[in-house]
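The opening position of the sequence shown corresponds to residue 133 in my numbering, with each subsequent residue numbered one higher.
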Amino acid sequence: MTRISEQASQFGVPGLVDNTGTDYAEAHLPTVVSSMVAETKLTRPGLPSGLLLEPSRLQALDCIEQVPFVLVSAPAGFGKTTLVSQWLEQEKPVHAWLTLDHRDNAPALFWNAVASALARVNPRFAIRESTLLAALEPGAAVDPVTMLINRLADYSRTWQAPSRLVLVLDDFHLLDQQVLLEQIRRFIDFAPGFLRIVCISRLDPPIRTAQLLARQQMVRLGPEVLRFDLALTRKFVQARRADLSEEQMLQLHQRTGGWPAALQLSALSENPLSHVPGPGQRALSDYLLEEVFAGLEPGLQQFLQDMSLLPLFSHEVADEARNGSDAADWIAVMRERNLLFQSYGEGHYWYRLHDLLIDWLQAQDREPEGESSIRIRAAEAFRQRGLIVEALELFLAEGCYDQAEALVPLLLQAEDLSGYRSLPSRFPDSVRMCSPALLLLQALFAFMDGQYGAVLEHLAAADRLLQSTDPSPDTEALQFVSMLLGWPSARFAGHRAEAEQSLTQIQARLASAPVGLQHWGLYTLGTEAFMEARLGPARTLLTDALAGALKSGDNPCALRCLVMLVPVLVQGGRIGDARRCYEQTRLKLVNGPVSKEQVCLLAYLEGLLALEHHDLAYAAKRLGEAGLIADQHLTPLDQLYLAFERFRLGMVLRDSELWQQELSRIEQLHQVMGQLRWHHNIPRPEVLEALARLTEGNAFPLILWAQSDPEPVVGNRFCTLNETLLKLIGQLLAASPVARELAALRTEAEEAGLLQLVCRLDLVSLMVQAFGDQDPEGAVKKLDALLALWVPRGLVRPFVDADPRLDSLLDACITRGWSEVEASRILALRQARMEPEAETCARTPEVAGPDEPLSDREQGVLDLLAEGLSNKAISKQLGISVATVKSHLSNIYGKLQAENRMQAVARARELGLMS
């Protein structure tokens, strides 16, 4: 389990009702498009009244149509944001706007915010924890850049896409993390042709802009372009005051250097030319702000001072922070006088003072006690409106650690917690070590890093605190969360007794646990059953957990259940059920917000299923895509299982470089997690290497291992049973008699429900009968029975992986007409498998296209089908009825000779029909 967000439901936020009877959050709260990304960041700031409309300035931005990247770079007060916003208002291109803040200075949170901005253009980009990459096609080495590029490229080929899409990144100077800046540079370099990126910054960012300028892929608009010439200065100032002579206007222009903010402040000043400093920006702005501020009525002065303490404000928040009722009046005065501020959100309910004004106001002599009370009351107002991050930051700034600590469970609702890893360290030890929620947060981070020993330490401390706390629904929920984290951590750390204790506690408390956590409890019990090779109970528990999670909308839990249930069904010989379960669940998951973790895990599952069906090209594609982003978005444990599937792919493809690379990766991840014993549901690395060598024709490593490793040392029964089969094969290759052991293992596997293992055992016994007992005729009859039994269930992989001598027995079946269809299919797959690797990877199967081509609308439906959209979502995207969508789907199925969505998409990929 990678998050414990469900506990947050125990800390509900009361709603507020305004004087119209409308719920405040519904009417005015910034819409949360993605986890912790408010609409105020995604909405283009409103344009002030009395704005200078000057075509020559706006024409400077027409370069947006010509080059992929435009940098608008100048110090504060040059009107950068206003000018870009004005150009968008006039030209009306399709655009996405993102105002950055210091929290976006991390790859995970930045790309989350970018995806949320793009999701306002088209919902296909929407994803919960960064709705980024709801279906983003990966391709970058360790980040989501290429995923987003591919997703944008796919979108650009749809009929809904505009000819130009402008992405505006405001306050870009707040980003300085080198890894993130490199990612952004690659994003600029490889963005699809219809995308135009506009960065608004106070500084030229270190992203090698000289190269872009040299290649004419960029235009920079700096102070020399943005400053007003004399004519613009005259036009601007005269619109605000008419008492200056031409000589005074020239003097004002020379002294301000055409700096728009200085001209704005000068126009507001009673004596715009009295002792104005030269054009040094800090001195000039400080002087003018002092002049303007001195001319304001005391009430407005105080209001501005108070609002400079807040990250943003509405008139309701301002009133509550100041214990007043006049905020709406003062905001109206600010609008009327064009003071330096910006408005955000639908209807512009939210405001923020200009940075110049904030910096100047905060540098003035203040009353610390009054400031503190304003921040604290504002934090409470933000908390009541669900703006948890803003409230948390203000509480921490004022040292209100108890109030801040109470918000931590609510913060855990964020699915992408990577930007909050430093949060516990911002609390003093006296609070951090006495807070169960903070200790659980630290345990969660340690779990995500695979540091299971550290998890147990944090959980032990949290449990001691919870035991000394009076019982309540809140403490009981936190105790159950501790159990859920405790079982896997204790097991993987080698503390079997502690793991069993946690499991017993989960079983005892499951019925009384909060409903949201019950699904996680069932998932934990199902995972334990799988590891102990009790596939019947595992399937039941995980199916119930998945159904409950989907019903309650708990997508993180549903994803985890799916990731465990698909392998359970595969190992249970239910390949068709596994595909149907995956397809149905995926459609429900991607209809809601999607995370980068989800994108990666779904690609992993698709690759796993493709490998079971011997669709090697698609398996390589999806497993490769998952591997490209796994480092950043998957836990070490998830990465280990992904590496195992890529190891299997390398064996099948006879790609020794690939399987050796992934085997090394598995060993490294095991070491990272600090485990002494092997507790995973895959064979140990030394066994995997021996198996890979066997596929290359070298049986000696497997024989040696089988003779030198008499006792199993793994930590779960599932792995033990599979390793036992490999050991028996090694002994068989050494000419040792193993018939009795094979029979005993088959009985145990069948009782456990491991039908894939049973199938592999049957094939080993078949080869012994044919070539050891010299009974080929009997072996052919047995093969006929095995083909009829297993292949209809979807068990193809065991036959394809079997001894090369199986080909002669398959030929004999075909000659006799026994299970001819199944035998021919398996033989064809095996022969294709034996071709040289380069040819296998490079060859595109020759598949006959549909008798009747798809119409343009059918192609559009098919593209959205491949994205996993439901009929309802497709109808909304294309502007057609659900009934029409179903009609198009029927036509697509008929033309592609497919029975369902997955088959249609797979067939389309084979035919090269995907856009």
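Heads up, the beta-carbon is just placed ideally off N, CA and C, and yes, glycines get one too.
Please read all numbers here as calculations on a predicted model, not as lab measurements.
Residue i - containing alpha helix (DSSP H), residue span
i, result
"residue 201", "First-last for residue 201: 201–205, but that is the beta strand (DSSP E), not the alpha helix (DSSP H)."
"residue 634", "628–641"
"residue 990", "988–998"
"residue 569", "568–580"
"residue 552", "Taken as a continuous stretch (DSSP letters only), residue 552 belongs to no alpha helix (DSSP H), as it is neither H nor E."
"residue 696", "687–703"
"residue 787", "Counting along the chain, residue 787 falls outside any alpha helix (DSSP H), and DSSP gives it neither H nor E."
"residue 607", "605–624"
"residue 652", "647–663"
"residue 730", "728–744"
"residue 854", "849–865"
Selection from the options that minimises the alpha carbon distance to residue i
i, options, result
"residue 496", "443, 433, 908, 888", "433"
"residue 928", "191, 745, 960, 910", "745"
"residue 489", "438, 465, 996", "438"
"residue 331", "536, 530, 277, 217", "217"
"residue 907", "311, 858, 851, 941", "941"
"residue 886", "662, 239, 866, 793", "662"
"residue 620", "591, 836, 308", "591"
"residue 607", "618, 595, 512", "595"
"residue 638", "650, 629, 628", "650"
"residue 614", "597, 861, 355", "597"
"residue 742", "532, 778, 763, 196", "778"
"residue 705", "924, 1021, 991", "924"
"residue 320", "360, 311, 277", "277"
Residue span of the beta strand (DSSP E) that contains residue i, given as start and end
i, result
"residue 302", "297–302"
"residue 483", "482–485"
"residue 814", "Careful: residue 814 lies outside any beta strand (DSSP E) and carries neither H nor E."
"residue 350", "350–353"
"residue 945", "Segment 938–948 is the alpha helix (DSSP H) holding residue 945; no beta strand (DSSP E) there."
Exposure label - residue i; buried when at least 16 CB within 10 Å
i, result
"residue 636", "exposed"
"residue 245", "buried"
"residue 1004", "exposed"
"residue 979", "The pLDDT assigned to residue 979 is 41, lower than 50, so where the model puts this residue is not dependable; a value taken from the coordinates is nonetheless given after this. Burial call: exposed."
"residue 948", "exposed"
"residue 105", "Limits of the chain in this structure are 133 at one end and 1047 at the other, which puts residue 105 out of reach."
"residue 392", "buried"
"residue 963", "exposed"
"residue 454", "buried"
"residue 429", "exposed"
"residue 565", "exposed"
"residue 658", "buried"
"residue 221", "exposed"
Sheet register partners of residue i (DSSP bridge)
i, result
"residue 528", "Residue 528 pairs with nothing; no bridge assigned."
"residue 226", "297"
"residue 331", "203, 301"
"residue 445", "483"
"residue 434", "Bridge partners of residue 434: none, in fact."
"residue 231", "302"
"residue 101", "There is no way to answer for residue 101, as the model of the chain reaches only from 133 to 1047."
Rounded straight-line distance, which links the Cα of residue j to that of residue i
i, j, result
"residue 1029", "residue 687", "33 Å"
"residue 445", "residue 780", "56 Å"
"residue 690", "residue 609", "19 Å"
"residue 283", "residue 729", "16 Å"
"residue 775", "residue 721", "24 Å"
"residue 904", "residue 812", "34 Å"
"residue 579", "residue 240", "18 Å"
"residue 231", "residue 378", "39 Å"
"residue 447", "residue 664", "59 Å"
"residue 151", "residue 350", "With a pLDDT of only 31 at residue 151, under 50, the local geometry of the prediction cannot be trusted, and the value read off the model is given with reservation. Cα-Cα distance, rounded: 51 Å."
"residue 1011", "residue 1025", "21 Å"
"residue 484", "residue 233", "13 Å"
"residue 985", "residue 1027", "8 Å"
"residue 213", "residue 555", "31 Å"
"residue 538", "residue 525", "13 Å"
"residue 934", "residue 810", "27 Å"
"residue 1087", "residue 571", "In this structure the chain extends from 133 to 1047, so residue 1087 is not present and cannot be described."
"residue 625", "residue 520", "35 Å"
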